[in-house]
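Residue numbers (UniProt numbering): 1 to 287. We put the beta carbon where it would ideally sit given N, CA and C, even for glycine. So the structure is just underneath, and the comments pick up after that.
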């Protein structure tokens, strides 16, 4: 195994937090080692006092996958500046949550794998999603050795029966997965085209797919397409915003805020790195 020595500008990094905070599924930790499949290869990662010990991946690919190229000082400063401008002062609640989770990074995932994972995530907790994804990998993925399988291609999932995916705990999501897999397998340029679109156009395009609503679309844009302004709004984030920020939301309304209302507030309040701010808040939850 090789070791990547984290430079001083990147020394605030937590591999455990980054891989366990609900961004990615299918990775397992045994002892000190995380293992998963990235771009068809088995990858093993250990964080120690020297840095990241790794195998199955190049240093440049590791750096990108773990988001280690992100300028965290710039990101944090931008978030704090937008908070201060919006509310004319500091946000002590956010500062507290940030201190607990500031060592995480937003991963850069394969778009197809990320799309399937978050279709599978609907109305589930992290542990259940992980079981679901691992069953899909084990039963429909392609073996790459050592008991690991790479993610099934769209054409493979497209050929599955609903019962086969229900046997992987997909439940009502099974037909969504099959329909989306059929679309992607017959439109191979669809996901690459998303990278060329504006945030809103990309979100609208993704939501045409079966099983993809605004939250799944935002997750895919944030975790696979590096759209750091995307803010997935789940129950946890909705609760935080409604309890901590409702009095300062500038577009006050009677009744419940919509998903788009809360997403827009976060983008205005936290700025262009609102997706990172969301992760700092989300990662402090107990799973």
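By how many angstroms is the C-alpha of residue j removed from the C-alpha of residue i?
| i | j | result |
| --- | --- | --- |
| residue 33 | residue 197 | 37 Å |
| residue 98 | residue 104 | 10 Å |
| residue 41 | residue 63 | 16 Å |
| residue 180 | residue 80 | 39 Å |
| residue 287 | residue 192 | For residue 287, the predicted structure reports a pLDDT of 35, less than 50, and the residue's modelled location is therefore unreliable. A value from the coordinates is still provided. Taking the straight line joining both Cα atoms gives about 33 Å. |
| residue 277 | residue 224 | 17 Å |
| residue 93 | residue 100 | 11 Å |
| residue 283 | residue 91 | 18 Å |
| residue 206 | residue 213 | 8 Å |
| residue 57 | residue 257 | 43 Å |
| residue 70 | residue 61 | 14 Å |
| residue 270 | residue 263 | 11 Å |
| residue 128 | residue 173 | 13 Å |
| residue 6 | residue 281 | 25 Å |
| residue 190 | residue 153 | 14 Å |
| residue 102 | residue 76 | 9 Å |
| residue 78 | residue 145 | 44 Å |
| residue 275 | residue 222 | 7 Å |
| residue 246 | residue 67 | 32 Å |
| residue 251 | residue 240 | 17 Å |
| residue 163 | residue 176 | 13 Å |
| residue 112 | residue 46 | 26 Å |
| residue 215 | residue 202 | 13 Å |
| residue 161 | residue 168 | 11 Å |
| residue 85 | residue 55 | 44 Å |
Measuring alpha carbon to alpha carbon, tell me which residue in the options is nearest residue i.
| i | options | result |
| --- | --- | --- |
| residue 228 | 147, 160, 117, 272 | 272 |
| residue 3 | 48, 20, 129 | 48 |
| residue 59 | 72, 73, 44 | 44 |
| residue 244 | 52, 31, 67, 95 | 95 |
| residue 209 | 264, 182, 168 | 182 |
| residue 110 | 194, 200, 82, 85 | 194 |
| residue 234 | 226, 36, 260 | 260 |
| residue 52 | 126, 251, 1 | 1 |
| residue 29 | 200, 255, 199, 130 | 130 |
| residue 123 | 171, 242, 55 | 171 |
| residue 188 | 121, 155, 54 | 155 |
If we call anything under 9 Å between Cβ atoms a contact, is residue i one with residue j?
| i | j | result |
| --- | --- | --- |
| residue 248 | residue 87 | yes |
| residue 17 | residue 27 | no |
| residue 288 | residue 133 | Outside the shown range of the chain (1 to 287) lies residue 288, about which nothing can therefore be said. |
| residue 108 | residue 226 | yes |
| residue 217 | residue 185 | no |
| residue 65 | residue 82 | no |
| residue 24 | residue 117 | yes |
| residue 126 | residue 31 | no |
Have a look at the DSSP bridge pairing and note the partners of residue i.
| i | result |
| --- | --- |
| residue 304 | Summary: the structure shown does not reach residue 304, with the chain confined to residues 1 through 287, and so no result is reported for it. |
| residue 114 | DSSP lists no partner for residue 114. |
| residue 150 | 142 |
| residue 38 | 41 |
| residue 275 | None, per the DSSP bridge assignment. |
| residue 53 | 3, 46 |
Contact defined as beta carbons within less than 8 Å: I believe residue i pairs with residue j. What is the distance between those atoms, to the nearest angstrom?
| i | j | result |
| --- | --- | --- |
| residue 114 | residue 231 | That belief does not hold up - the Cβ atoms of residue 114 and residue 231 are roughly 16 Å apart, past 8 Å. |
| residue 279 | residue 106 | 6 Å |
| residue 12 | residue 72 | 7 Å |
| residue 211 | residue 119 | 4 Å |
| residue 142 | residue 150 | 5 Å |
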